[in-house]
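K.L.:
Protein chains: 2
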Amino acid sequence: MGYSKASKANTHARLVEAAAARFKERGIDGISLADLMKELKLTHGGFYRHFDSRDELVAEALALALARSGETMRERLFDGAKGDGTQSDLAGFIDFYLNEAHRDGRAGGCAVAALAGDAPRKSVQVQAQFREQIERNIAALSEALPPNTAADSREQALVMLSTLYGALTMARAVGDSPLSREVLRTVRKRLTDAGGLNKKRRPRKKELAPIRD
Amino acid sequence: MGYSKASKANTHARLVEAAAARFKERGIDGISLADLMKELKLTHGGFYRHFDSRDELVAEALALALARSGETMRERLFDGAKGDGTQSDLAGFIDFYLNEAHRDGRAGGCAVAALAGDAPRKSVQVQAQFREQIERNIAALSEALPPNTAADSREQALVMLSTLYGALTMARAVGDSPLSREVLRTVRKRLTDAGGLNKKRRPRKKELAPIRD
DNA sequence: ATTATCTATAGATCTATAGATAATGC
DNA sequence: ATTATCTATAGATCTATAGATAATGC
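Line by line, the protein sequences give chains A and B.
Each residue of the first sequence is one higher than the one before, counting from -9 in the working numbering.
Each residue of the second sequence is one higher than the one before, counting from -9 in the working numbering.
Here you go:
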């Protein structure tokens, strides 16, 4: 009770962290403050020493979740390609994104895919948070596209992002099933192959690596 | 009070209808039974003469919403093309789907795009409802693809559906904005043009019809 | 006589607040 | 002395149930 070694700032950060995971897993309205506090072994009454309202937590948790997703995207796109002379690993990112592990791991996965469906029902402030991060994601993906397609790379990035979000959402909506795996596998394959986008970078046998159904 | 001319079956049907619209607009958990009954000028106590539980209403409303979306899709794909010798109007469907009117009209729009984000948080029964309708949508879109691509038409349909759902979801998530309109316009254009999918059917100037931002 | 709808309420859950408790820092 | 956390509770809202009311059909 009282002051533990965990400072106020630490508890605040842990709350935002836990909220980000639970919101992605169960939806922005899918967890109560009492249950969230319980997850941190705290009681619900203490919540308001850290936030003025639930909405304030939502804003902070969403900001964290969206920023993290963007960072992970950039890492997968650009860090994975270091050392072999290429500038990006687009196919590596696609493999990472359209995956059964990602499908089943909403709490640790992409915040846009997990929460975009909730956004239209929320405030314009929430929608602005999505807008700003999605702009960054478009920029990142656009940079990662092969240079020869640079003329309309923003358009390509927009379409590819739509496809990635849509495929993951669909794979999740239908539950674990052959269809779910087929969506992931097929879209992964066709995005990687399409238009010869990435032929230089990924040997064909790796693109066609079998996925067990 | 008492028996109105509206028979029990009629009230039941109106409840399912209203629920389908509200669920698509605000989410499956986004409206209370009391508010739903109020929309029909009824009081909340009467609800349980029509349904054993809220979940039963959810199942029926979702079934209606998903089936309607599928019917609309088939109509747009196949009825719009009658008379000119072609078998489908894929570009017409894409124009209809990726549209500001559809973006802003969730209550009357596609149930998959409106509710797929809720599905992973719901029961496996709900997910099975999505799975069955999405299978039908894949079949419809697959049939509507130009015959020369028939060899892998299911794969193409899967990718195109992912892109359509993802683009509409993204356009909604970012709120009304230049980005939202850009997503709709760009994906619409690139899906219509891509791979010469539909060149025979749609004159180029119509494909490039300007959208005001 | 039947029964769709209404009135009233139980029980659960949720956000938010008020005041008590106790661990830490000065 | 300060304040993070806890205990207790107010007030709102939600699903579900019980019994009353009144319009329809036989």
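Heads up, the beta-carbon is just placed ideally off N, CA and C, and yes, glycines get one too.
For Cys100(B), collect the residues of the same chain with a Cβ closer than 6 Å to its Cβ; drop the 5 residues on either side in sequence, then sort them by chain order.
P.N.:
Ser59
K.L.:
Measure from the alpha carbon of Leu32(B) to the alpha carbon of each residue in Val149(B), Ala161(B), Glu145(B) and Thr1(B), then state which is nearest.
P.N.:
Minimum Cα distance to Leu32(B) is reached at Thr1(B).
K.L.:
Looking at the secondary structure, which residues open and close the alpha helix (DSSP H) in which Lys14(A) lies?
P.N.:
Lys(-2) to Arg16
K.L.:
Using C-beta distances below 7 Å, list every residue in its chain close to Leu181(A), excluding the 5 sequence neighbours before and after it, in chain order.
P.N.:
Ile84, Met150 and Thr153
K.L.:
Below 8 Å, can you find three or more Cβ-Cβ pairs linking the region 161 to 181 of chain B to the region 167 to 181 of chain A?
P.N.:
Between the region 161 to 181 of chain B and the region 167 to 181 of chain A there are fewer than three inter-stretch CB-CB distances shorter than 8 Å, so the stretches are not counted as touching.
K.L.:
Straight-line CA distance for Asp69(A) to Ser132(A)?
P.N.:
One C-alpha to the other measures close to 16 Å.
K.L.:
From this set, Ser167(B), Asp183(B), Glu46(B) and Gly98(B), which residue's C-alpha is nearest Ala55(B)'s C-alpha?
P.N.:
Gly98(B)
K.L.:
Of all the options Tyr87(B), Glu65(B) and Leu88(B), which has the alpha carbon lying nearest to the alpha carbon of Ser208(B)?
P.N.:
Because chain B here runs from -9 to 203, residue 208(B) falls outside it and cannot be looked at.
K.L.:
Looking at the unbroken alpha helix (DSSP H) that takes in Arg93(A), where does it start and where does it end?
P.N.:
Glu90 to Asp94
K.L.:
Taking the alpha-carbon of Arg39(B) as reference, which of Leu135(B), Ala3(B), Gln117(B) and Gly20(B) has the nearest alpha-carbon?
P.N.:
If you compare the alpha carbons of Leu135(B), Ala3(B), Gln117(B) and Gly20(B) with that of Arg39(B), the shortest gap goes to Ala3(B).
K.L.:
Quick one: which chain A residues come within Cβ less than 9 Å of Glu125(B)?
P.N.:
Proximity of chain A to Glu125(B) at the Cβ level (cut-off 9 Å) is accounted for by Val164 and Leu169, in chain order.
K.L.:
Helix or strand or just coil, what does DSSP make of Pro137(B)?
P.N.:
Correct three-state label for Pro137(B): helix.
K.L.:
Using a Cβ cut-off of 9 Å, pull out every chain B residue sitting near Met160(A), in sequence order please.
P.N.:
Val102, Ala106, Phe120, Ile124, Leu148, Leu151, Ser152, Tyr155 and Gly156
K.L.:
So, Leu47(B) versus Gln119(B), is the Cβ gap smaller than 7 Å?
P.N.:
no
K.L.:
If we cut at 7 Å on Cβ distances, does Arg175(A) have a partner in chain B?
P.N.:
no
K.L.:
Just how far apart, CA to CA, sit Phe37(A) and Asp19(B)?
P.N.:
25 Å
K.L.:
When DSSP labels each residue in this structure, what does Gln77(B) get in the three-state scheme?
P.N.:
coil
K.L.:
Does the distance from the C-beta atom of Leu26(A) to that of Ala9(A) stay below 7 Å?
P.N.:
yes
K.L.:
Any idea if Pro168(A) is buried or exposed, counting beta-carbon neighbours within 10 angstroms, 16 or more meaning buried?
P.N.:
exposed
K.L.:
Hey, is Pro110(A)'s beta-carbon within less than 7 Å of any beta-carbon in chain B?
P.N.:
yes
K.L.:
Within 10 Å of its beta-carbon, does Pro137(B) have 16 or more other beta-carbons around it, so buried, or fewer, so exposed?
P.N.:
Within 10 angstroms of the beta-carbon of Pro137(B) lie fewer than 16 other beta-carbons, which makes it exposed.
K.L.:
How about Leu187(B): is its C-beta nearer than 7 Å to some C-beta of chain A?
P.N.:
A caution first: Leu187(B) carries a pLDDT of 45, below 50, which makes its placement in the model too unreliable to give a value.
K.L.:
Exposed or buried, Val6(A), counting other C-beta atoms within 10 Å across all chains shown (16 or more means buried)?
P.N.:
Val6(A) should be labelled buried.
K.L.:
Give the residues from the region 61 to 80 of chain A that approach chain B closer than 7 Å (Cβ to any Cβ), ordered along the chain.
P.N.:
Sequence-ordered contacts of the region 61 to 80 of chain A with chain B are nonexistent [C-beta pairs closer than 7 Å].
K.L.:
Should Lys28(B) be labelled buried (16 or more other beta-carbon atoms within 10 Å of its own) or exposed?
P.N.:
exposed
K.L.:
Within 7 Å (strictly less), CB to CB, does Val114(B) reach chain A?
P.N.:
Answer yes: the Cβ-Cβ gap between Val114(B) and chain A drops below 7 Å somewhere.
K.L.:
What three-state label does DSSP hand Ser43(A) in the structure shown?
P.N.:
coil
K.L.:
Of all Cβ atoms in chain B, is any one closer than 7 Å to the Cβ of Arg58(A)?
P.N.:
no
K.L.:
Roughly how many angstroms separate the alpha carbons of Ala104(B) and Val116(B), rounded to a whole number?
P.N.:
Distance from the CA atom of Ala104(B) to the CA atom of Val116(B), rounded to whole angstroms, is 14 Å.
K.L.:
Quick check: what's the CA-CA separation for Ala157(B) versus Arg44(B)?
P.N.:
31 Å
K.L.:
Taking Arg96(B) as the query, report the chain A residues whose CB atoms sit under 7 Å from its CB, ordered along the chain.
P.N.:
One finds Pro110 in chain A with Cβ atoms closer than 7 Å to the Cβ of Arg96(B), taken in chain order.
K.L.:
Between Arg111(B) and Arg16(A), is the Cβ-Cβ spacing less than 7 Å?
P.N.:
With contacts defined by Cβ atoms closer than 7 Å, Arg111(B) and Arg16(A) form a contacting pair.
K.L.:
Quick one: does the C-beta of Ala11(A) sit closer than 6 Å to a heavy atom of the ligand ATP?
P.N.:
With respect to the ligand ATP, the structure offers nothing, as it holds no ligand at all.
K.L.:
Grab me the residues of Arg12(A)'s own chain with a C-beta within less than 6 Å of its C-beta, minus the 5 sequence neighbours each way, in chain order.
P.N.:
Once the five neighbours on either side are set aside, the close Cβ partners of Arg12(A) are Ile21.
K.L.:
Less than 8 Å between C-beta atoms, sequence neighbours within five positions excluded: which residues of the same chain meet that for Gln123(B)?
P.N.:
Counting only Cβ-Cβ distances below 8 Å, and skipping sequence neighbours, we find Leu56, Ala57, Ser59, Gly60, Ala101 and Val102.
K.L.:
For Arg96(A) versus Ala161(A), is the C-beta spacing smaller than 7 Å?
P.N.:
no
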